[in-house]
Amino acid sequence: MAYLLLLLTLLGYSASAINTLRALANSRVDDSKLASITAIVGFAAHAALLYWHLQRDQFDHLNVAISLSVVAWLLAGLTLIRGHRHSGLLLRPVIYLFAALSAILVVFTPVSWGANIASVHGLVIHIVLSLLAYGVLALATLYAVQLNYLNKVLKQRKSTAIANYLPPLLTVERYFFRLLSAGTGLLALAIISGFVFLDDLFAQGQAHKTILSLIAFATYAGIVLLHKFSGARGRVVVSGTVIAGLILTLAYFGSRFVKDVILG
1 MAYLLLLLTL LGYSASAINT LRALANSRVD DSKLASITAI VGFAAHAALL
51 YWHLQRDQFD HLNVAISLSV VAWLLAGLTL IRGHRHSGLL LRPVIYLFAA
101 LSAILVVFTP VSWGANIASV HGLVIHIVLS LLAYGVLALA TLYAVQLNYL
151 NKVLKQRKST AIANYLPPLL TVERYFFRLL SAGTGLLALA IISGFVFLDD
201 LFAQGQAHKT ILSLIAFATY AGIVLLHKFS GARGRVVVSG TVIAGLILTL
251 AYFGSRFVKD VILG
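Using full-length UniProt numbering, read the sequence shown as starting at 1 and increasing by one per residue.
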């Protein structure tokens, strides 16, 4: 069953990514419906694969591979929700291929790896909020990178097949700030839930994760407030978002990688 679901996931995501790349290369959207159908197949199979893997252990453990794959699945879902709007056109192939690779990791990761989440009251709420926040903020970071690329293309006035089919800069920027605001709000809820449901977030083994998460939140919140009250945008916003994304990634996946993979 696992290999069948993995095959459907890989075929669905890969076919959608290839169709999108072909459409970009030829400045057309003739294959957009096919790209959506195949992406939906990959997304559904990916969800079934995650459920299959987690239920084998009665949802008792959560490891870095599952966490990463859930984030990738959320990214794919957010991309599907956007449909064929051009604001995320360049990101679709990257997100779908990332989701496909994350599904491979799930299948070949021992189900008993990772933290035991069944014995800690309220931990599931904290984990769900954390993964949602990270997924939205990861997508915001990708949009920040896309914004930087669009700015360079516009300044250099390139005339290529892809350049002629790029999404409008203001549309991308508007959606980027929506994602950033929503993700920052979710991250705040995740941090609050951690203080409410967990005993001591500054205990040994947790302090670095908590501190890095707070630094990332402060950075995100600062960017959102600067944009709202002073209209900040451009390179400073992009750089700050990418840096905050790296800090948040280190806060969660860095510690999980050490615990699950290096320490076993």
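Beta carbons: idealized from backbone N, C-alpha and C, even for Gly.
Buried or exposed: where does residue i fall if 16 or more other Cβ atoms within 10 Å of its Cβ makes it buried?
| i | result |
| --- | --- |
| Gln-146 | buried |
| Thr-79 | buried |
| Ser-16 | buried |
| Asp-30 | Because Asp-30 sits at a pLDDT of 47, beneath the cut-off of 50, its placement in the model cannot be relied upon, and the point is left open. |
| Leu-154 | exposed |
| Val-236 | exposed |
| Thr-241 | buried |
| Ile-247 | buried |
With a threshold of 8 Å on Cβ separation, who are the neighbours of residue i within its own chain once the five nearest residues in sequence on each side are excluded?
| i | result |
| --- | --- |
| Phe-195 | Leu-201 |
| Ala-182 | Val-136 |
Find the nearest neighbour of residue i within the set the options, judged by alpha-carbon distance.
| i | options | result |
| --- | --- | --- |
| Ala-45 | Leu-21, Asn-19 and Ser-14 | Ser-14 |
| Glu-173 | Ala-232, Gln-156 and Gln-55 | Ala-232 |
| Phe-177 | Thr-38, Ile-192 and Leu-226 | Leu-226 |
| Ala-72 | Ala-103, Arg-22, Arg-82 and Phe-59 | Ala-103 |
| Tyr-252 | Leu-62, Ser-16, Ile-37 and Thr-109 | Leu-62 |
| Leu-49 | Arg-82, Ala-17, Leu-10 and Lys-33 | Leu-10 |
| Phe-39 | His-53, Gly-12 and Phe-229 | One point to set straight first is that residue 39 is Ala, not Phe, in the sequence displayed. Measuring from the Cα of Ala-39, the nearest candidate turns out to be Gly-12. |
| Leu-180 | Trp-52, Ile-247 and Tyr-220 | Tyr-220 |
| Ala-2 | Gly-42, Arg-22 and Trp-52 | Trp-52 |
| Ile-192 | Ile-81, Tyr-175 and Leu-214 | Leu-214 |
| Phe-43 | Lys-228, Gly-77 and Gly-122 | Gly-77 |
| Ser-67 | Val-242, Asp-199 and Thr-109 | Thr-109 |
| Leu-208 | Gly-254, Val-242 and Lys-228 | The displayed chain sequence assigns His, not Leu, to residue 208. The candidate whose alpha carbon is nearest that of His-208 is Gly-254. |
| Ile-243 | Ala-144, Lys-152, Thr-210 and Asp-199 | Ala-144 |
| Asn-148 | Arg-56, Gly-234 and Leu-198 | Gly-234 |
| residue 321 | Ile-18, Asp-57, Thr-241 and Thr-171 | Nothing about residue 321 can be read from this structure; the chain reaches only from 1 to 264. |
| Leu-54 | Thr-210, Trp-113, Ile-247 and Ser-230 | Trp-113 |
Using a Cβ-Cβ cutoff of less than 6 Å, which residues in the same chain neighbour residue i once the five nearest sequence positions on both sides are dropped?
| i | result |
| --- | --- |
| Val-70 | Leu-131 |
| Leu-5 | Ala-45, Ala-48 and Leu-49 |
| Phe-98 | Ala-72 |
Could you name the residues of the same chain whose beta carbon sits closer than 7 Å to that of residue i, not counting the 5 residues immediately before and after it, in chain order?
| i | result |
| --- | --- |
| Ala-188 | Phe-217 |
| Thr-20 | Ala-35, Arg-92 and Pro-93 |
| Leu-186 | Leu-129, Leu-132, Ala-133 and Val-136 |
| Val-41 | Leu-8 and Gly-12 |
Are residue i and residue j touching if we call contact CB-CB under 8 Å?
| i | j | result |
| --- | --- | --- |
| Leu-75 | Ala-138 | yes |
| Thr-184 | Val-124 | no |
| Gly-222 | Thr-141 | no |
| Ala-65 | Val-111 | no |
| Leu-212 | Leu-169 | no |
| His-126 | Ala-23 | no |
Measuring from the CB of residue i, is there a heavy atom of the ligand NAP at a distance below 7 Å?
| i | result |
| --- | --- |
| Thr-210 | The ligand content of the structure shown is nil, which means the ligand NAP is not present either. |
Original post:
What are the start and end residues of each continuous alpha helix (DSSP H) run of 4 or more residues lying completely inside the segment 101-160, in chain order?
Top reply: With a minimum length of 4 residues, the continuous alpha helix (DSSP H) runs that stay inside the segment 101-160 are 123-156.
**OP:** Could I get the ranges of all uninterrupted alpha helix (DSSP H) runs contained in the segment 31-62, with 4 residues as the minimum, in chain order?
**Re:** Correct list: 32-55.
**OP:** Could you pull out every unbroken alpha helix (DSSP H) segment of at least 4 residues lying fully inside the segment 172-198, listed in chain order?
**Re:** Note on the segment 172-198: there is no whole alpha helix (DSSP H) run with a minimum of 4 residues.
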